[in-house]
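Here is the structure we will look at.
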Amino acid sequence: MGEDKMLDKLSIEEVEKLGYYDFMGYIGIPFFNVGGFASIDRLAELCQITGETRVLEIGCGTGANACYLAEKYGCTVVGIDMAERMVQQATKRAAEIGLADRATFKVGDAYHLDFPDATFDAVITVFVSQFLDSTKAFQEFVRVLRDGGCLGVNEMYRAENVPSEIRLKVDDNERVFRELTQLPFTLRSPGTWHQAFESAGFDAIKLEEYPNSQQQPYSGSMVEEFGGWRKLMGTLWRLFVYALRSGEMRRRFTAISGTKKVLINDKETSKYIGYVLCVGIKTRKRG
Ligand SMILES: C[S@@+](CC[C@H](N)C(=O)[O-])C[C@H]1O[C@@H](n2cnc3c(N)ncnc32)[C@H](O)[C@@H]1O
35 MGEDKMLDKL SIEEVEKLGY YDFMGYIGIP FFNVGGFASI DRLAELCQIT
85 GETRVLEIGC GTGANACYLA EKYGCTVVGI DMAERMVQQA TKRAAEIGLA
135 DRATFKVGDA YHLDFPDATF DAVITVFVSQ FLDSTKAFQE FVRVLRDGGC
185 LGVNEMYRAE NVPSEIRLKV DDNERVFREL TQLPFTLRSP GTWHQAFESA
235 GFDAIKLEEY PNSQQQPYSG SMVEEFGGWR KLMGTLWRLF VYALRSGEMR
285 RRFTAISGTK KVLINDKETS KYIGYVLCVG IKTRKRG
């Protein structure tokens, strides 16, 4: 497997025991946010990220967004993730593309950030706050932001007006994803995201909605997020081998692809589901 070889070799039984995101990290799957790098550019614009900005990415996964921001905008990015194998992949990615000085990664918990108060100019999450208790987590994000700093999130939403038969389908897939990840995955409405920013005391809140039905899911930056065709093909091959060898893996892959189909690709449901970009500024007058 050359330079693509896995960080360490686990037996199939050990792989089956990994948590969902450690497994994804082990295989080397970057998570695809539906808007791709275009949504990351818009988030950077809304958060006014420049070469001077110190960014914290919560739930950095395999580091695709953090490396993209550090490379394109010249900012410094620290990524934290609770899944050790995600952090290993992110660190490897940054080293491979010569960004190890500006994109650094460590294991960490969104609810207990290991940084002093006011360390960062911007805190971002990409498809991560939807797995968190935002009331608790946003207080911690506020703590590590300097006054005038910005919280920016790119997270999935469900519209307020979902017809009841579609709501059942969405609820069911929300439950499947919760079971897979063992995390409290919740599709909030755009209004609920706005409210979460208000409750945490953010000012100048801006929210943009992007329905999935108007996106081309996973197009464009997918190969780039993987780190090139060679890595993409290597990862697909590993997935195929795991699916062949393990019933548990087949169960996981079937559940994941079913959920993604309903939440992202299904013509009926994807009108009501999408992602929001929401940003707010921490101001001095907060309590
Ligand atoms: C859907 S993935 C998104 C990864 C990355 N942001 C991206 O867009 O590629 C969600 C990530 O959040 C991480 N995560 C979930 N809850 C967390 C928590 N409480 N603290 C730190 N990381 C967390 C998971 O381990 C996973 O890597």
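If you read the sequence shown in our numbering, its first letter stands for residue 35, the second for the next number, and so on. Just so you know, even glycine gets a beta-carbon here, dropped at the ideal spot from N, CA and C.
Length of the line joining the Cα atoms of residue i and residue j
i, j, result
"glutamate 37", "glutamate 282", "Low per-residue confidence applies at glutamate 37: pLDDT is 39, beneath 50, and the placement is therefore not dependable enough to give any value."
"aspartate 206", "phenylalanine 149", "38 Å"
"isoleucine 74", "threonine 96", "15 Å"
"phenylalanine 172", "phenylalanine 231", "8 Å"
"glycine 235", "arginine 177", "12 Å"
"proline 63", "threonine 269", "For clarity, residue 63 is isoleucine in the given sequence; the question names proline instead. Isoleucine 63 and threonine 269: Cα-Cα distance of roughly 7 Å."
"alanine 134", "leucine 147", "21 Å"
"glycine 70", "phenylalanine 260", "12 Å"
"arginine 318", "glycine 183", "10 Å"
"lysine 106", "arginine 136", "12 Å"
"leucine 278", "leucine 221", "32 Å"
"proline 224", "tyrosine 244", "10 Å"
"serine 163", "cysteine 312", "11 Å"
"threonine 215", "leucine 273", "18 Å"
"tyrosine 191", "glutamate 208", "12 Å"
"valine 121", "glutamate 79", "26 Å"
"threonine 110", "phenylalanine 161", "21 Å"
"arginine 286", "lysine 265", "22 Å"
"glutamate 213", "phenylalanine 57", "15 Å"
"alanine 156", "alanine 72", "18 Å"
Cβ shell of residue i (< 7 Å), same chain only, five flanking positions each side left out
i, result
"isoleucine 200", "Glu302, Thr303 and Tyr306"
"glutamate 48", "none"
"threonine 217", "One detail in the question is off: residue 217 reads as leucine in this sequence, not threonine. Here the set comprises Phe165."
"lysine 203", "Val296 and Thr303"
Cut-off 8 Å between Cβ atoms - residues of its own chain near residue i, not counting five sequence neighbours on either side
i, result
"cysteine 116", "Going by the sequence as given, residue 116 is methionine instead of cysteine. Answer for methionine 116: Tyr55, Gly93, Val141, Gly142, Asp143 and Ala144, listed in chain order."
"lysine 295", "none"
"glutamate 50", "Ser280, Glu282 and Met283"
"threonine 84", "Tyr107, Gly108 and Cys109"
"valine 210", "Ala289, Gly292 and Thr293"
Pick from the options that is closest to residue i, judged by C-alpha positions
i, options, result
"leucine 5", "Phe175, Lys106 and Ala98", "Coverage of the chain is limited to positions 35 through 321, which leaves residue 5 absent and any answer about it impossible."
"isoleucine 239", "Gln248, Pro245, Asn246 and Thr226", "Thr226"
"alanine 104", "Asp300, Phe172, Ala124 and Leu147", "Ala124"
"glycine 262", "Val162, Ile131 and Phe154", "Ile131"
"alanine 322", "Thr84, Gly85, Lys126 and Arg76", "One cannot answer for residue 322 here, as it falls past the ends of the chain, which runs 35 to 321."
"valine 187", "Lys203, Ser168 and Leu202", "Ser168"
"cysteine 81", "Ser198, Glu213 and Thr159", "Thr159"
"threonine 87", "Gly108, Leu77 and Arg76", "Gly108"
"leucine 77", "Tyr102, Lys316 and Phe219", "Tyr102"
Sheet register partners of residue i (DSSP bridge)
i, result
"aspartate 143", "His146"
"tyrosine 244", "Tyr309"
"valine 112", "Leu90 and Thr138"
"arginine 222", "Tyr191"
"glycine 314", "Leu185"
"aspartate 205", "DSSP output for aspartate 205 lists no bridge partner at all."
"aspartate 237", "Ile315"
Same chain only: Cβ atoms within 6 Å of residue i, ignoring 5 sequence neighbours per side
i, result
"alanine 152", "Arg180"
"alanine 193", "Tyr306"
"valine 196", "Tyr306"
"threonine 138", "Val112"
"glycine 314", "Leu185, Phe231, Phe236 and Ile239"
"glutamate 242", "Leu311"
Fill in: Sequence ranges, beta strand (DSSP E) only - wholly within the stretch 118 to 193, length at least 3
137 to 141, 154 to 160 and 179 to 192
Worksheet entry | Complete beta strand (DSSP E) runs within the stretch 271 to 301 (minimum length 3 residues, chain order) | none
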